[in-house]
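Residue numbers (the working numbering): 183 to 235. All remarks here apply to the structure that follows.
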């Protein structure tokens with residue numbers, strides 16, 4: 183397998199299990215997922231993001 187995400191926190195920084203689950207859900211898609219993406223939402227469309235103005 184391939185390691186796709188690593189999270190390292192100092193002991194004085196809280197951890198959010200929901201964020202870990204969100205990342206795992208995002209990694210199981212074939213989409214580009216935004217920072218606030220949640221399971222069931224549509225991913226970003228790179229071709230639209232980088233379209234010439």
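Just so you know, even glycine gets a beta-carbon here, dropped at the ideal spot from N, CA and C. Being a predicted model, the structure only gives us computed values, none of them experimental.
May I ask which residues mark the beginning and end of the alpha helix (DSSP H) holding residue 204? As a working note, residue 204 is residue 22 in the chain shown. It spans 199-209 - the alpha helix (DSSP H) in which residue 204 sits, taken as one unbroken run.
Do you know how far the Cα of residue 183 is from the Cα of residue 230? Here residue 230 refers to the residue found at position 48 when the chain shown is read from its first residue. Here residue 183 refers to the residue found at position 1 when the chain shown is read from its first residue. Distance from the CA atom of residue 230 to the CA atom of residue 183, rounded to whole angstroms, is 31 Å.
Between residue 198 and residue 205, what straight-line distance do the alpha-carbon atoms span, to the nearest angstrom? In the chain shown, the residue the question calls residue 198 occupies position 16. In the chain shown, the residue the question calls residue 205 occupies position 23. Looking at the backbone, the Cα of residue 198 and that of residue 205 are separated by about 11 Å.
Classify residue 231 as helix, strand or coil using the three-state DSSP reduction. On the chain shown, position 49 is the one that residue 231 refers to. If DSSP states are grouped into helix, strand and coil, residue 231 belongs with the helices.
Check the DSSP bridge columns for residue 214 and list the partner residues they point to. Counted from its first residue, the chain shown places residue 214 at position 32. Per the DSSP secondary-structure output, residue 214 pairs in a beta bridge with 226.
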